[in-house]
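One structure is given here, and the rest of the page talks about it.
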Amino acid sequence: MMQVICDSPDIDFLLDSVVRLLVDNNLAAWGASIAHWYNALSVSSQPPVYVAGQGWQQQYQRCHEQCNTLEAQGGPHSEQNVRFLEKPRLLVIKLQVKAYPEHWLLFELSANNTPDLACMSRWTKWLQYAIDQQQKDRLLEQSQARIEEMSRGMAETMAQLVQAEKMSELGKLTAGIAHEINNPIGYIRSNLESMTDYTASFRDIFAQLSQLEQEVGELRVPLQALQKQYDIQFLLEDCEDIVQTNIKGIDRISGIVSDLYAFSRRADGTFKAMDIHPVLQRCINLTRSRFADHHTVELDVSAVDTRLRGDTSQLEQVLMNLMLNAAHAMPGVGTLTIAVKGDALWLEISLTDTGTGMPKATLNRIFTPFFTTKPTGQGTGLGLSISQGIIRAHGGTIVATSDVGKGTTFTLRLPRQQDGSQ
Numbered sequence: 010m011m012q013v014i015c016d017s018p019d020i021d022f023l024l025d026s027v028v029r030l031l032v033d034n035n036l037a038a039w040g041a042s043i044a045h046w047y048n049a050l051s052v053s054s055q056p057p058v059y060v061a062g063q064g065w066q067q068q069y070q071r072c073h074e075q076c077n078t079l080e081a082q083g084g085p086h087s088e089q090n091v092r093f094l095e096k097p098r099l100l101v102i103k104l105q106v107k108a109y110p111e112h113w114l115l116f117e118l119s120a121n122n123t124p125d126l127a128c129m130s131r132w133t134k135w136l137q138y139a140i141d142q143q144q145k146d147r148l149l150e151q152s153q154a155r156i157e158e159m160s161r162g163m164a165e166t167m168a169q170l171v172q173a174e175k176m177s178e179l180g181k182l183t184a185g186i187a188h189e190i191n192n193p194i195g196y197i198r199s200n201l202e203s204m205t206d207y208t209a210s211f212r213d214i215f216a217q218l219s220q221l222e223q224e225v226g227e228l229r230v231p232l233q234a235l236q237k238q239y240d241i242q243f244l245l246e247d248c249e250d251i252v253q254t255n256i257k258g259i260d261r262i263s264g265i266v267s268d269l270y271a272f273s274r275r276a277d278g279t280f281k282a283m284d285i286h287p288v289l290q291r292c293i294n295l296t297r298s299r300f301a302d303h304h305t306v307e308l309d310v311s312a313v314d315t316r317l318r319g320d321t322s323q324l325e326q327v328l329m330n331l332m333l334n335a336a337h338a339m340p341g342v343g344t345l346t347i348a349v350k351g352d353a354l355w356l357e358i359s360l361t362d363t364g365t366g367m368p369k370a371t372l373n374r375i376f377t378p379f380f381t382t383k384p385t386g387q388g389t390g391l392g393l394s395i396s397q398g399i400i401r402a403h404g405g406t407i408v409a410t411s412d413v414g415k416g417t418t419f420t421l422r423l424p425r426q427q428d429g430s431q
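Next comes the structure, spelled out in C-alpha cells:
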C-alpha cells in the first residue's frame, strides 16, 4: 500500500491502484471508485469496476445491484471513514476530496472474508494524507503556472508600453523632420519654377537667332553649325521635360511630407467637424509603398456628404491600421476596395481586401488585446483592439466579416453627430 501511495502521480491513478491492489490480493471479488457523489448512489452506480480475474469492466451489473441495495438501506452516510456492512457485504471507504463532497471506494467481499477494520482505518488515513498532499501539489503547480503566465503577460505589456513610447517619440520626431524638410522643398520648387521661366527665355532667344539666320546670310552657316553640333531643339525640349518632371516629383514629396505632418499630430481628444474623404486619400498616399505594383487600391465614395464630427488623428490611425493589415493579408495579387456611403445620421466606411481571409476561430479573437496572427516581432496584437476603442469612443461600431481564401471586410459605422456635441 505504501508503494502504491508513493508511486501514484495523481488522485485518480491512486484510487484505481488501491482498487486493483485489494482485489488482486483476494481481499475482494470486485471494487469500484465512485466520485462526486451529490445525488443518490444509484445514479452513480455505473462506474468502471475492477473484477477479480477479469480486469476493468464497464456497467458491471453486480455493482449496480449492490449499490441499489445499499441505497435502499439509507445510503453510505456515516461519520466513520471505514465501514463493513454484513448485508450486502460491502466494505465502504470514505475519502474527502476538496472541491467535491466525498469520494467512495466500494468492495464486495465473499462470505468467508471479513476485513480488519483497524488495519483498513490506518490505510485510509494514509490514503487521505496522500490525497491531501497531491491536491496541495496540484494547487501549487496551478499557482506557479498562473504566476508564470502573469509574469509573461507583464513582460509583454511592458514591451508594448516601451514600443508605444518609442512610437510616440517617433511621431514627435516625424513632425519635426516634416517641418524641417518643408523649407528646402520650398527652395527647390521655387528654383525649378525659375528654371521654367529661364527655359522659356532660352527658347525665345533661339527662336530670334533662327529668325536672324534667315535675315543675315553670313550668319546662316555658323548658326546652323551650332544648332547641329549641340542639337539645340532637343536640349530645349528635354530641359523643359526635366524641369516639369522635377516639379511633379517635388510636389509629390511635399504632399507626402504634409500627410506625415498631419498624421503625426497628437490627438487632442476633442471631436470637431471634419471631412473623411481627404483623410482617406491621405492614408492611401501614406500606405502606397506597402502595396506592391500588382496591388490595386480603389476608393469608391458614393456618399454625397462625407462630413462628420470626430478626431481626425484618431480616425487616421484606425484607417492606416486597417489598410496595412489588408496589405499584409494580400501577399500576392490583390485589391483593396474602400467604399464610403451614408445617410443623414450615419457614415459607413468599408474596407474589403481579396486576401487570405480568416477562419472563424481567428475572427472571434481579432479585437482581443495582444492577439496577433503575425510572426513574433512583427505584430503587437494591439492595433485592432485600439481601433475598436477609438470607434466606440466616436459612438460608432466596427465589424469584421471574412471567408478563408476569399478575403476580409471591415465595416466602420460612424454617427454624423455625437451625443452632447455642439
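Going by the working numbering, the sequence shown opens with residue 10, and the numbers climb by one from there.
We put the beta carbon where it would ideally sit given N, CA and C, even for glycine.
Asked, Found
"Let me know the secondary structure DSSP gives GLN431 once reduced to three states.", "Low local confidence applies: a pLDDT of 37 at GLN431 is under 50, so the model's placement there is unreliable, and no value is given."
"Bridge partners of THR305, per DSSP?", "THR344"
"Can you check DSSP and say which residues form a bridge with ARG401?", "Note: ARG401 sits in no beta bridge, so no partner."
"List, from N- to C-terminal side, the beta strand (DSSP E) runs of 3 residues or more that fit wholly inside the region 346-379.", "355-362"
"Return yes when the Cβ of PHE419 is within less than 7 Å of the Cβ of LEU324, no when it is not.", "no"
"Under three-state DSSP, which class holds LYS145?", "helix"
"Check this for me: beta carbons of SER396 and VAL327, under 7 Å apart or not?", "yes"
"Between the Cα of VAL27 and those of TRP132, THR365, ILE400, spot the shortest distance and give me the residue it belongs to.", "TRP132"
"Pick out whichever of TYR207, GLN426, TRP65, VAL266 has its Cα sitting closest to the Cα of GLY195.", "VAL266"
"Smallest Cα separation from LEU114: which of MET129, ASN77, SER42?", "SER42"
"Over the uninterrupted alpha helix (DSSP H) stretch that includes GLN326, give me the two end residues.", "321-338"
"In terms of residue numbering, what span does the beta strand (DSSP E) encompassing PRO432 cover?", "This structure cannot speak to residue 432, because the chain is shown only from 10 to 431."
"If you draw a straight line from the alpha carbon of LEU148 to that of GLU95, how long is it in whole angstroms?", "39 Å"
"Any chance you could list the alpha helix (DSSP H) runs of at least 4 consecutive residues sitting entirely within the region 232-298, in chain order?", "241-273, 285-295"
"Using the Cα positions of SER430 and PHE280, report the straight-line distance between them to the nearest angstrom.", "Note that SER430 has pLDDT 41, beneath the 50 cutoff, so the model's placement of it is unreliable and the number below is only indicative. C-alpha separation (whole angstroms): 8 Å."
"Smallest Cα separation from ALA81: which of GLN55, PRO97, CYS248, ASN90?", "PRO97"
"According to the Cβ coordinates, are GLY416 and THR363 closer than 7 Å?", "yes"
"Given this structure, state the Cα-to-Cα distance separating LEU244 from PRO231, to the nearest angstrom.", "18 Å"
"Helix, strand or coil: how does DSSP classify VAL13 here?", "helix"
"Could you tell me the alpha carbon to alpha carbon distance between ASP320 and GLN426, rounded to whole angstroms?", "12 Å"
"Taking a contact to mean a Cβ-Cβ separation below 7 Å, would you say GLU357 touches ARG422 in this structure?", "yes"
"Do the region 239-257 and the region 197-217 make contact, defined as three or more Cβ pairs closer than 8 Å?", "yes"
"Per DSSP, what kind of secondary structure is THR315 in: helix, strand or coil?", "coil"
"Put GLY414 into one of helix, strand or coil per three-state DSSP.", "coil"
"How many Å lie between GLN63 and GLN137 at the Cα?", "28 Å"
"When every heavy atom of the ligand SAH is checked, does at least one fall within less than 6 Å of the C-beta of MET339?", "The model depicted lacks the ligand SAH and carries no ligand whatsoever."
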